[in-house]
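Everything in the sequence shown is counted per my numbering, starting at 5 for the first residue and increasing by one.
Have a look at the structure below before the remarks.
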Amino acid sequence: MSYSIVPVEGIDVVQLLELAGADRFITHAHNPCLVGILKRTFGWEGNTFVIKQNDVTVGFITCMCINGRLVSMPHFSFGGIMTSLTDRKAMYSEVLPLLYHYYMNTRTGDITFLMRDRDKISDFTNDTKVISWLDIHHRSVENIIPGTQMSKAGKAISSGLSVVNGGMELLPDFYSVYSRNMLRLGSPVLPKKLFANILDGYTDGNARIFCVYKENKPLGGAFVMSYMGFFENTWFSTLPEFNKLFPAQLLHVEMIRFAIQRQGHTYSFGRSSSGSGVHEFKRRWKTEETTIFWNYDKPLKLDLRKAEFLTRLWRLLPLPFANWFGPIVGKGIY
Numbered sequence: 005m006s007y008s009i010v011p012v013e014g015i016d017v018v019q020l021l022e023l024a025g026a027d028r029f030i031t032h033a034h035n036p037c038l039v040g041i042l043k044r045t046f047g048w049e050g051n052t053f054v055i056k057q058n059d060v061t062v063g064f065i066t067c068m069c070i071n072g073r074l075v076s077m078p079h080f081s082f083g084g085i086m087t088s089l090t091d092r093k094a095m096y097s098e099v100l101p102l103l104y105h106y107y108m109n110t111r112t113g114d115i116t117f118l119m120r121d122r123d124k125i126s127d128f129t130n131d132t133k134v135i136s137w138l139d140i141h142h143r144s145v146e147n148i149i150p151g152t153q154m155s156k157a158g159k160a161i162s163s164g165l166s167v168v169n170g171g172m173e174l175l176p177d178f179y180s181v182y183s184r185n186m187l188r189l190g191s192p193v194l195p196k197k198l199f200a201n202i203l204d205g206y207t208d209g210n211a212r213i214f215c216v217y218k219e220n221k222p223l224g225g226a227f228v229m230s231y232m233g234f235f236e237n238t239w240f241s242t243l244p245e246f247n248k249l250f251p252a253q254l255l256h257v258e259m260i261r262f263a264i265q266r267q268g269h270t271y272s273f274g275r276s277s278s279g280s281g282v283h284e285f286k287r288r289w290k291t292e293e294t295t296i297f298w299n300y301d302k303p304l305k306l307d308l309r310k311a312e313f314l315t316r317l318w319r320l321l322p323l324p325f326a327n328w329f330g331p332i333v334g335k336g337i338y
C-alpha cells in the first residue's frame with residue numbers, strides 16, 4: 005500500500021472534512037491541541053500525523069506513546085485513524101509499525117497498542133463500550149428531547165435547581181462533585197490539572213463546565229468539549245442523594261441547548277458499559293448508539309477497570325487521600 009506518516013502541528017479544517025467524508029464522528033479526541041494538553045499534564049509523548057499513500061494524503065491520526073505503548077487517545081472515548089478509505093484494518097496494519105518506529109526509533113520488537121476505534125482492527129478487542137448520541141443538526145430542544153425528560157428538567161427548576169456554565173471559576177465546584185462521585189464508584193480521579201489545562205489550552209472548539217446548584221450548593225457537574233460540531237458530555241457526575249430532584253436531566257437539557265445554539269450537529273452523552281444502569285438512563289433520551297472497539301495487540305491478562313476487589317477497597321479511602329492518590333494510580337489507567 006506504500007503508506008507513510010508525516011508529523012504535523014495541526015490539520016486544515018477543509019482537508020479534514022475531505023478526509024472524513026460524511027463521517028459525523030470527527031471528535032475532540034481528534035483535535036491536535038489535545039496532544040500538548042496531555043503532554044503538559046502527564047509528560048507523555050504525542051503528535052498528530054498525516055497519513056499518505058503514494059504521497060497522497062488519505063488520513064490522519066492523533067496518537068500518544070505511553071511507556072512504549074501506542075494509545076489513541078488516552079482518557080477519551082474516541083480516536084483512531086480518520087479516513088474515508090474502507091479497508092481500515094489493512095491501513096492500521098501498516099500505519100502502526102510506522103508510528104512505533106517514529107516514537108521508539110526501532111523496527112524490531114513487538115508493537116503494543118490500544119486503539120479506540122469504531123471498527124474492529126485487531127484480533128483482541130473489548131466491545132462492551134457504547135456511545136449514546138443525538139442528532140441535533142437544525143433541530144430544536146423541544147423536538148429532540150423526550151417529553152418525560154423535559155418534564156423532569158422542569159421539576160428540577162420548580163425545586164429550585166439552576167444551571168450555570170463557565171470556565172475555570174467553576175472548576176472547584178465541578179471537581180468537588182466529580183471526586184466524590186468517583187470515590188463512590190470506586191474509581192481513581194483524574195488530576196484537577198488535566199481539567200485546568202483543557203480549560204486553559206483547548207482551541208478550535210468549546211471546553212466548558214456546567215454545574216447545577218440548589219441554594220449555591222453544587223449537586224452535579226459536567227465537562228463539555230466540542231470539535232467540528234461534535235459536542236460531548238465528556239465527564240459527568242451528580243450526587244446520588246439529590247437525584248430525586250432530577251439534576252442530571254436539567255444538566256443534559258442545558259448542555260443540549262448549548263450545543264444547538266452553537267450549531268452543533270451531534271450531542272454525545274459519552275460512553276458507558278452496554279447494559280449498565282447509566283446506559284439505560286441514556287436510552288431514555290431516545291439516543292442512537294455506536295460501539296467503540298478497544299483494540300489491543302494481545303489479550304488482556306488483567307483489566308483494572310473490572311477488578312471488583314480493587315473497586316471495593318478504593319471506596320473505603322478517605323476523600324482527601326483518594327484525591328491525592330487517585331491521579332497517581334489513574335495515570336496508568338487511560
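C-beta: ideal position from N, C-alpha, C; glycine also.
Asked, Found
"Simplified DSSP state of VAL168, which is helix, strand or coil", "strand"
"Beta-bridge pairing of LYS133 - partner residues as DSSP gives them", "SER277 and ILE296"
"Three CB pairs or more closer than 8 angstroms across the stretch 131-149 and the stretch 179-189", "no"
"Own chain partners of GLU219 with C-beta closer than 8 angstroms, once the 5 adjacent residues on each side are dropped", "GLY164"
"One or two residues paired with ARG212 in a DSSP bridge", "VAL228"
"ALA211 vs MET229 beta-carbon contact at 8 angstroms", "yes"
"Nearest neighbour of ILE9, chosen from ASP27, VAL39, ASN58 and ALA24 [CA to CA]", "ASN58"
"ALA160 beta carbon less than 8 angstroms from that of LEU249", "yes"
"Where GLN267 falls: helix, strand or coil (DSSP)", "coil"
"Classification of ASN35 by the beta-carbon crowding that lies within 10 angstroms, buried from 16 upward", "buried"
"Contact the stretch 297-305 vs the stretch 129-140: 3+ CB pairs below 8 angstroms", "yes"
"Buried or exposed (CB count within 10 angstroms, at least 16 for buried), PRO176", "exposed"
"Nearest candidate by alpha-carbon position, reference VAL99, set GLY50, TYR7, VAL12 and VAL168", "TYR7"
"Candidates ILE213, PHE234, ILE264 and CYS69: closest to VAL168 by CA position", "ILE213"
"Strand pairing of PHE117, partner residues [DSSP]", "LEU74"
"Beta-carbon proximity of VAL257 to MET108, cut-off 8 angstroms", "no"
"Cβ pair count under 8 angstroms reaching 3, the stretch 9-24 against the stretch 73-81", "no"
"Paired residues, beta bridge with GLY50 - DSSP", "MET68"
"Where GLY151 sits in the DSSP three-state scheme", "helix"
"GLN253 burial status per 10 Å Cβ neighbour count (16 or more: buried)", "buried"
"Candidates GLU49, VAL193 and SER276: closest to VAL181 by CA position", "VAL193"
"Where LYS286 falls, given that 16 or more other Cβ within 10 Å makes a residue buried", "buried"
"Alpha-carbon spacing of LYS302 relative to GLY14, whole angstroms", "31 angstroms"
"Cβ-Cβ distance between GLN19 and THR61 below 8 angstroms", "yes"
"Continuous alpha helix (DSSP H) stretch holding ASN58: start and end", "Where ASN58 is concerned, there is no enclosing alpha helix (DSSP H), given that its DSSP letter is neither H nor E."
"Test item: CB-CB of THR31 and PHE234 under 8 angstroms", "yes"
"Beta-carbon gap between TYR104 and ILE115 smaller than 8 angstroms", "yes"
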